[in-house]
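What follows is a single structure, written as structure tokens, with notes after it.
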Amino acid sequence: MAIRERLSGNEAVAYAIRQINPDVMPAFPITPSTEIPQYVANYIANGKVDTEFIHVESEHSAMSAAIGACAAGARAVTATSSCGMALMWEELYVAASDRLPIVLALVNRALSGPININADHSDSMGARDTGWIQIYAESNQEVYDNFLQAYPIAEHEAVHLPVMICQDGFITSHGVENILLAEDDRVKEFVGEYCPAHYLLNEKEPMALGPYAVSNYYMETKRGQREAMENARQVILEVAERFEKMTGRKYGFFEEYRMEDAEYVIVIIGSAAGTCRAAVDRIREVSGKKAGLLKIRVFRPFPEKELAEALKDKKAVAVLDRSEMFSATGGPLGTEVRSALYGVKSQAEVVNYFYGLGGRDITVEDFEEVYVKLEELAQTRVVKDMYAYIGLREK
Amino acid sequence: METAYNYKEVMSRPERLAPGHRMCAGCGGTVAVRAVLRALHPEDRAVIGNATGCLEVSTFMYPYTAYEDSYIHNAFENAGATMSGVETAYRVLRKKGKIRENYKFITFGGDGGTYDIGFQSLSGAMERGHDMVYVCYDNGAYMNTGTQRSSATPQFADTTTTPAGEVSSGKVQVRKDLTAVMAEHHIPYAAQTTFTGNFRDLHTKAEKAIYTPGAAFLNVMSPCPRGWGYEPAELMQICRLAVESCYWPLYEVVDGKWILSYEPKNKLPVEDFLRSQKRFKHLFTPDGEELIAQFQAEVDKRWEELKKKCGA
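In the order they appear, the protein sequences are chains A and B.
Taking our numbering, the leading residue of the first sequence gets 54, the next gets one more, and so forth.
Taking our numbering, the leading residue of the second sequence gets 705, the next gets one more, and so forth.
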């Protein structure tokens, strides 16, 4: 039987780490992810895990040491946020191209400047092209569940890629919610042992990692990463199926809410989906208008085909981005959703909004307003502003 | 731990850096690596780390590696942190009974990757006390990118970013004393060495560094024929002049105790060391006399300070 608890998102991740008992955790404190290494340090101090903590002097060294540990044959984990991830940037690429199944607990926070410690997705969205699998959570339950699925995905022989498990800073990381936890022995069995085929400390065969590869070889390594990312699609679903058998909780690339007959749809990532769900219910109850929600769980690899299929026959779609990319045409999620729909020759009108940057609140009323605008858009079929904001102070 | 130095035995050990790599003739870096790896007891295994630099791009060009041991290159500024991850993994996996063999952990970085961009990562790894050796092969500039100055570059050296010219005498600043900085981390072993006649100094220091439990730092002056401007055959002679002039004193710091490894009977003027290299050519003009005197004064000052620390 599952264990009923009340935990914050950070506690839930730390709890999952304890259950997984990884070998090495190099980490550096940064708000709002700091609690994760603190909780793990406490587990270590009380003999609850075999994990060795490396008290690195920066996030760059955290990821560097994780790479060293994972290459050596150990299961490695780290946690960070925002500028901490920005400092790791170079190493994110190295981890992915070295095909090391490291798991990173990312607590999403706005990037400087100005300095801001609250939730937005600019850190992980900026890292979307680094070759990491990215899985996002709406709730504490989801971040816990996603974390348990991370290693089986990362370490699968057809994948061998690092995985980033993302949750919204403070909103879920510090918010305490009811949660269902799996038993330790079941988690242990679900996650399994890490037994890499090649590693530095293999007594039978030395290994060299991190070569200088000239133009003759570089391109094929990128192709290899792409294949792994493509393979990850199937593996993510298989692991989710196995997870469902263990817990009864079902996961896919994204979650659809009241989408069967929906005409107006919001596409969103992360904790704000909960607020949006409330708006969908209220609209349907009050006006009977057919509002729906599509919440992205897996952003890398991007579930283009499935997403396009889910959206192509809708009247109007609003894609909500919680990070800027300064192309001056929209946000990262908006761009990818529009691109996916272009491929299926969808007639759905698509508009892109920015919300919640630097932790700005978004309310049920804000979402209701977006659905009203979607209805207008479906009628006029004229997109007035592809670069609109929700909750922006204009003066 | 320390065994008597047997030149013949040591030199006849199998090479752990295989020939066929692409380092230059007359390069000190390769000599340093081979000499350090010879200090590994043949029965021990090792993981070799490497910061980005000449050594890395020349010894591990896909799909060929020159290393007989496991090897990891990660990036330019993180050789210390990367090896600390490897060493920690070893401790965990050994405790879990997944590894039985003895492994040693040695990482190499040039002075750019060690004194400068990798300084923080090195400092962190040493402070945490990982059982590893960080070896700096110090050639006094960013040689892989074409001889740009580093904080290890000696004053007045002509580099591509501190060129000697009409109104420039080369690098303005004096060099960072990294060995001393590392010794001040209070690690169990820090030493400075280079290539001397029978390699006894380098060998014994490398062996101590590798087999002293905990973090160790070894700074090996490793001349670069292209950056310094000398003929490949002159490598050993240049090292001799650096040591005999006290430009590069040989010493070690064992558990906080400073020990001078060698004191020249007749300290040579540093001018002899400088004259042997094209990077100081501009000092050998009538205007250069004063600059050489200034250089000499810096060498003298540091030598006296070192002698005091060593109680010599």
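Using N, Cα and C, we set each Cβ at its ideal position, and we do this for glycine too.
- Annotation for residue 830 of chain B: 784, 838, 886, 889, 891, 919 and 921 place their beta carbon closer than 8 Å to its own, counting only its chain and skipping 5 residues before and after.
- Shown here for residue 300 of chain A: same chain residues with a beta carbon closer than 8 Å to its own, the five before and five after excluded, namely 55, 198, 233 and 235 in chain order.
- Taking a Cβ-Cβ threshold of 7 Å, none of the residues of chain B is close to residue 213 of chain A; the smallest such distance is about 17 Å.
- Annotation for residue 442 of chain A: 406, 407 and 408 place their beta carbon closer than 8 Å to its own, counting only its chain and skipping 5 residues before and after.
- In the DSSP assignment, residue 431 of chain A falls within the alpha helix (DSSP H) that extends over 417-433.
- Residue 965 of chain B is positioned such that its CB atom lies no closer than 8 Å to that of residue 972 of chain B.
- What residue 800 of chain B touches in chain A, judged by beta-carbon distance under 9 Å, is 76 and 103, going in chain order.
- The segment 841-856 of chain B and the segment 723-740 of chain B touch, with three or more beta-carbon pairs separated by less than 8 Å.
- If you check the CB distance, residue 214 of chain A and residue 207 of chain A come in under 8 Å.
- Residue-level contact by beta carbon holds for residue 266 of chain A and chain B, with a gap shorter than 8 Å.
- Our two residues, residue 872 of chain B and residue 771 of chain B, have alpha carbons roughly 42 Å apart in a direct line.
- When Cβ-Cβ separations below 8 Å define contact, residue 776 of chain B makes contact with chain A.
- By the Cβ rule, the segment 866-882 of chain B does not count as touching the segment 800-814 of chain B, because fewer than three pairs are nearer than 8 Å.
- Contact between residue 825 of chain B and residue 781 of chain B holds, with the beta-carbon distance rounding to 6 Å and staying under 8 Å.
- With 16 or more other Cβ atoms from the protein chains shown falling within 10 Å of its own Cβ, residue 956 of chain B counts as buried.
- For residue 123 of chain A, the enclosing alpha helix (DSSP H) starts and ends at 112-125.
- Residue 789 of chain B and residue 393 of chain A have their C-alpha atoms roughly 40 Å apart.
- The contact set of residue 720 of chain B on chain A, defined by CB atoms closer than 7 Å, is empty, because the minimum CB distance reaches about 10 Å.
- In the three-state reduction of the DSSP assignment, residue 975 of chain B falls in the helix class.
- Between residue 252 of chain A and residue 354 of chain A, the alpha-carbon positions lie close to 26 Å from each other.
- Pairing residue 90 of chain A with residue 119 of chain A gives a Cβ-Cβ distance that is not under 8 Å.
- DSSP places residue 390 of chain A in no beta strand (DSSP E) but in the uninterrupted alpha helix (DSSP H) bounded by 385-396.
- For residue 212 of chain A, no beta strand (DSSP E) encloses it, and the DSSP letter there is neither H nor E.
- Under the DSSP assignment, residue 790 of chain B falls outside any beta strand (DSSP E), being part of the alpha helix (DSSP H) whose first and last residues are 783-799.
- About 6 Å separates the beta carbon of residue 415 of chain A from that of residue 328 of chain A, a gap short enough to meet the 8 Å contact definition.
- Of all residues in the segment 265-284 of chain A, the ones placed with a Cβ closer than 8 Å to any Cβ belonging to chain B are 265, 266, 267 and 270, in chain order.
- The three-state secondary structure of residue 336 of chain A, taken from DSSP, is helix.
- Per the Cβ contact rule, the segment 140-160 of chain A is in contact with the segment 169-189 of chain A (3 or more Cβ pairs under 8 Å).
- Pairwise C-beta distances place the segment 80-89 of chain A in contact with the segment 127-141 of chain A, as three or more of them are shorter than 8 Å.
- Distance from the CA of residue 67 of chain A to the CA of residue 241 of chain A, rounded to the nearest whole angstrom, comes to 15 Å.
- Below the 7 Å Cβ cutoff, chain A contributes no neighbours of residue 921 of chain B, its closest Cβ being approximately 16 Å away.
- Under a criterion of Cβ atoms nearer than 7 Å, the residues of chain B adjacent to residue 263 of chain A are, in order, 776, 777 and 778.
- The criterion of a C-beta distance shorter than 8 Å is not satisfied by residue 115 of chain A and residue 138 of chain A.
- In the three-state DSSP reduction, residue 871 of chain B falls in the coil class, being neither helix nor strand.
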